[in-house]
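The block underneath contains the structure these notes are about, expressed in C-alpha cells.
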Amino acid sequence: MPQHVRRIRRKRRVKSAGARHLLLTPVRVAICTAALLLGFGVGLGLLTYGPQAYWSWRESRLLKGASAMLARDDFDGATRAARDVLKLHYNSLPAFYVLAEASEKQNRPETVAWRAQIARLEPGNLDSQLNLASAALRFGRLDTARQTLESVPPAQRDRAAYHVVAGWLARAQGNDAEVEEHFAAAVEREPANDLYQFNLAVLRIRSSAPEKSDEARKVLERLRQVPAYRAGSLRALLSDAVQRNDIERADTLAQDLQMSQQVTFSDYLLCLEFYRKLNQQKFSALLEKVKPVAARNPLDLAMLMDWLNKNGLGSEVLKWMEKLPAEITTNPPPAISVADAFAEAKNWSRLKRWTRSGVWGDAEYLRLAYQAYSSKQSRQSSDAEYSALWRSAERAASDRTDREINLARLASKWNLPAEAEQLWQRVSKNAPTRREALDALFRIYRANNDLPSLYRTAQRLHESSPNEPGAAANYARLALLVDQNPAEGHRVAKETYERAPDDVNAAMTYAFSLYGLGRTAEGIEIMKKLPPEGVHDPHAAVYAAILLLDENQVAAAQEYINAARNGPIFPEEKKMLEEAIAKTTASQTTPTPSPSPSP
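This note's numbering applies: residue 29 is where the sequence shown begins, and numbers increase by one.
This is the structure in C-alpha cells:
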C-alpha cells in the first residue's frame, strides 16, 4: 500500500513539473502574440496579394503566349490570348497592341477600334495617334482620321510622319493642293527618305509648274534604279511621257516596265494605252500577247475586257468571248464585262438574253440592273417591267455599300438621274464613299440647276473636306446666291481667301462677298492680284464683270462680259450678269433731270 502511494506521489510530482512548464510568463505571452500576429499577417497577405500575384503571373504568361503566336502569324490564337488578358486587365496596353497588330495584318476593320484604345491610353504619344489616323484612313473612317489629326497638339505637327498621314487624308478628301503641301513638308523634314520623295514626285510630275514637274522627273529617274521603287517610278514616268506626247521616251519606258520583275497586269494595260496612241501594229501585238495571260485569271480577264470597253473596243470583247470557254465568260466578273460590251454596242436584245438567266452570285444585283437597262432601252418592254427589275436590283444591293456604289455608278453612266440620285444619297451616308457620292450629287443638281439642293450638297462637301479651297469657295458662293445663310457665306468666303489667296475660285468668291457687303472697290483690288488667264475663265469673268459694272467701269468690264458670254456659264450666273448689264445700261440712258428754275 505505501509503495502504491509513493507511485502516486511520483506521478503527481511529474505532473506538477509539466504544469510549471506551461505557466504563461510575460515573455511567452509576447512570443505567442507575435507569432499569432505574424501568422495572421501572412494569411492576410496571402488572401490580399496572392490572387493579384497569381493574376499578374497569368497575365504575363498570356501576353508572352500572344506575342509568340503573333510572331508566327497565328493571328486567331494571338487574338484569343489577348482577349483573355483584357478579362483580367481591361486596360492592358500590351494586349491592345497585340489585338491591333493581329487585326491589321488580317485587314479587319476592328483595327480602328483597337488603335483607338491605344491612343486613349497614350494621349501624348504621337505615334499612337498617327497609327489610329492611318488605320482609320485604311478602312475609310475619314471622320475618325480627321478628328484624330486635329487632336494632335500644334507642337507635334511638325514631324514628317504627321505630314504624311495628313497628306493621305487630304487625298482621300480630294484636296490635291493640301496633299502636295503636306508631302512637300515631309520631304523638307526628312529629305533622305525615299518613300517621301517618291510620293511627292508622283504627285508633282503632273504639275503645270515646269520647275516642279522637271524636279519630279529627276527624282523618279533616280528612284527607278532602286528596286523597291522601280516599277512605281516607271509607271509615273510612262504616264507623264504619254501625256506630253514624248513618243520615243514613252516607248523606251513601256519596254522597261514590261521587263520589270514587279510588272503587274495593270501595267500591261498602261502599255496598251500608250501603244494604242503610238503604233497600231505594236498595240495589236501586245494585245494578242496579253490575251492568253488574262484568260488564266477571271479577274485579269474582266480587267482587260473593261479596258477594251472603256476605250471603245467593245466589239473586240464580243468577238473574243466567242473563243473563250462558256464556263469562264458566263460567270462574274467576266460575265459583267460582256454585259457591258453588249450595252456599249446598244445590242439590247443580246443583252437581255445574256442577263435573262444564270446565277451571278454576289453580282446578282448587276445582272438584274443590266436586264432592267436592256428592258428600258428596248421598245418591246413596258415601263412596269423596267421598274420591277430595277427595284429588284436595288433590293439585291441594299445594305451593302460596295454594291450600292456600283449600282449608282451604272445609273449615272446610263443617264438615269432619278435612280442615281436616290442611290448616291444612300451611299453618301458612309464616310469611305461620301466624297464620290457628294461629287456625283453635285453634278446631278448642277445639271438640273437645282440651287437649293446644290447648296446643301456644297455644304456637305465643305464639311467633309473643310480645308479644301475649291469646296469651301463653292459653298460660300452658293450660300450668297441662294440667300439662305449669307452671313455664313461671307464668313467662309473670307476664311477661304485668307487660307488660299492665290486660288482664283477662292479670291473671286471673296471679291463677290465684298460686293455683296457694299465694298466693291476692295473686291476689285483682290481681283487685280490674280493672273489674267484665271480671271478670264468664263465663271470668274461673270463676277469680274459684275464688280466692274458696279463701279461704273463699263469699258474695263467689257472684256470680261465677252469672256463670260463666249464660254459655258451657269444659269444663275447668266441671270446676274444680264441684270448687272441692264442696270448699268439703264443708269447711262436715263436722262438727268434739269434743275427747276428759281421762282
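Built from N, CA and C at the ideal position, the CB exists for glycine as well.
Kindly indicate which three-state DSSP category tryptophan 388 falls into: helix, strand or coil? Of the three classes helix, strand and coil, the one that applies to tryptophan 388 here is coil, per DSSP.
Who are the Cβ neighbours of leucine 332 in its own chain at under 6 angstroms, not counting the five residues just before and after it? Ala322.
Straight-line Cα distance separating phenylalanine 302 from glutamate 350: Distance from the CA atom of glutamate 350 to the CA atom of phenylalanine 302, rounded to whole angstroms, is 27 angstroms.
Suppose you measure from the CA of proline 177 to the CA of glutamate 216; what does that come to, to the nearest Å? Residue identity check: residue 177 is leucine in the sequence provided, not proline. Note on geometry: alpha-carbon atoms of leucine 177 and glutamate 216 lie some 20 angstroms from one another.
Please classify isoleucine 59 as buried or exposed, where buried requires at least 16 other C-beta atoms within 10 Å of its C-beta. The residue in question, isoleucine 59, is exposed, as its Cβ has fewer than 16 Cβ neighbours within 10 Å.
Identify, in the order they occur along the chain, each residue of the same chain with its Cβ nearer than 6 angstroms to the Cβ of leucine 251, setting aside the five sequence neighbours on each side. Excluding sequence positions up to five before and after leucine 251, its CB lies within less than 6 angstroms of the CB of Phe226, Tyr257, Ser261, all in the same chain and listed in chain order.
Within a Cβ cutoff of 6 angstroms, which residues of the same chain sit near alanine 7, ignoring the five residues on either side of it in sequence? As displayed, the chain neither begins before 29 nor continues past 627, which places residue 7 out of reach and without an answer.
Under a three-way DSSP split, which group does lysine 603 fall into? Under the three-state reduction of DSSP, lysine 603 is assigned to helix.
Less than 8 angstroms between the beta carbons of phenylalanine 540 and arginine 505, yes or no? When the beta-carbon positions are compared, phenylalanine 540 and arginine 505 come within less than 8 angstroms of each other.
Quick check: the Cα distance between glutamate 607 and threonine 613, rounded to an integer number of angstroms? Per the coordinates, the alpha-carbon of glutamate 607 lies some 10 angstroms from the alpha-carbon of threonine 613.
Whole alpha helix (DSSP H) runs in the stretch 363 to 430 with 4 or more residues, listed along the chain? Listed in chain order, they are 376 to 384, 392 to 405, 411 to 425.
So, with DSSP's three-state summary, where would you put threonine 357? Reduced to three states, the DSSP call for threonine 357 is helix.
7 angstroms Cβ shell around leucine 231 - same chain, five flanking residues per side excluded: These residues qualify, in order along the chain: Val207, Glu208, Phe211.
Tell me whether leucine 74 is buried or exposed, calling it buried when 16 or more other Cβ atoms sit within 10 Å of its Cβ. Unreliable placement is indicated for leucine 74, whose pLDDT of 44 sits below 50; the coordinate value is still reported in the next sentence. If you draw a 10 Å sphere on the C-beta of leucine 74, you find fewer than 16 other C-beta atoms in it, and that means exposed.
Relative to the alpha-carbon of proline 182, which residue among Gln271, Gly152, Ala549 has its alpha-carbon at the smallest distance? Considering only Gln271, Gly152, Ala549, the residue with the shortest C-alpha distance to proline 182 is Gly152.
Of the residues Lys556, Ile609, Glu239, the one placed nearest valine 582, counting alpha carbons only: Checked all of Lys556, Ile609, Glu239; the closest Cα to valine 582 is Ile609.
Whole angstroms is fine: what's the gap from isoleucine 356's alpha carbon to alanine 391's? Rounded to the nearest whole angstrom, the C-alpha separation of isoleucine 356 and alanine 391 is 15 angstroms.
What's the gap between the Cα of arginine 174 and the Cα of serine 493? One C-alpha to the other measures close to 9 angstroms.
What's the call for tryptophan 83, buried or exposed, on a 16-neighbour Cβ count within 10 Å? Because tryptophan 83 sits at a pLDDT of 47, beneath the cut-off of 50, its placement in the model cannot be relied upon, and the following sentence gives the value as read from the coordinates. Burial call: exposed.
Cα-Cα separation, valine 520 to glutamine 271: When rounded, the separation of the alpha-carbon atoms in valine 520 and glutamine 271 is 36 angstroms.
Rounded to the nearest angstrom, how far is the Cβ of leucine 281 from that of leucine 266, given a contact under 8 angstroms? Leucine 281 to leucine 266, Cβ: 4 angstroms. Contact.
Rounded straight-line distance, which links the Cα of isoleucine 597 to that of aspartate 578: Distance between aspartate 578 and isoleucine 597, taken at the CA atoms: about 20 angstroms.
Looking at serine 162 and valine 126, is the spacing between their C-beta atoms short of 8 angstroms? No; because the gap between Cβ atoms is not below 8 angstroms, this pair is not in contact.
If you measure between the beta carbons of threonine 548 and alanine 534, is that distance less than 8 angstroms? Result no, Cβ atoms of threonine 548 and alanine 534 do not sit closer than 8 angstroms.
State the Cα-Cα distance for the pair glutamate 413 and serine 403, rounded to the nearest angstrom. Near 7 angstroms, if we compare the C-alpha coordinates of serine 403 and glutamate 413.
In three-state terms, what does DSSP make of arginine 341? The identity of residue 341 in the sequence shown is leucine, whereas the question assumes arginine. Correct three-state label for leucine 341: coil.
Span separating the alpha-carbon of proline 566 from that of leucine 98: Proline 566 and leucine 98: Cα-Cα distance of roughly 60 angstroms.
Find the nearest neighbour of arginine 25 within the set Leu223, Trp418, Gln405, judged by alpha-carbon distance. Because the chain in this structure spans residues 29 to 627, residue 25 falls outside the shown range and cannot be described.
Is serine 456 buried or exposed, if buried means 16 or more other CB atoms sit within 10 Å of its CB? By the beta-carbon neighbour count (other beta carbons within 10 angstroms, threshold 16), serine 456 is buried.
Backbone secondary structure at leucine 444 - three-state DSSP: Here DSSP, grouped into helix, strand and coil, assigns leucine 444 to coil.
By alpha-carbon positions, which one of Gly389, Arg187, Ile233 ends up nearest to alanine 425? With distances taken between Cα atoms, alanine 425 lies closest to Gly389.
Residues in the same chain with beta-carbon distance under 8 angstroms from valine 366, minus the five sequence neighbours each way, listed in chain order, please. Around valine 366: Met333, Val345, Leu346, Met349, Thr357, Trp382.
Please tell me whether asparagine 458 has its Cβ less than 8 angstroms away from any Cβ of chain B. The structure shown has no chain B; it contains just one protein chain.
Count the other CB atoms, across all protein chains shown, that sit within 10 Å of the CB of methionine 287; report buried if there are 16 or more and exposed otherwise. Looking at its Cβ environment, which holds fewer than 16 other Cβ atoms inside 10 Å, methionine 287 is exposed.
Taking the Cβ atom as the reference point for each residue, do alanine 373 and tyrosine 398 lie within a distance shorter than 8 angstroms? Contact: no.
Through-space distance from methionine 536 to alanine 592, alpha-carbon basis: Between alanine 592 and methionine 536, the C-alpha separation is close to 14 angstroms.
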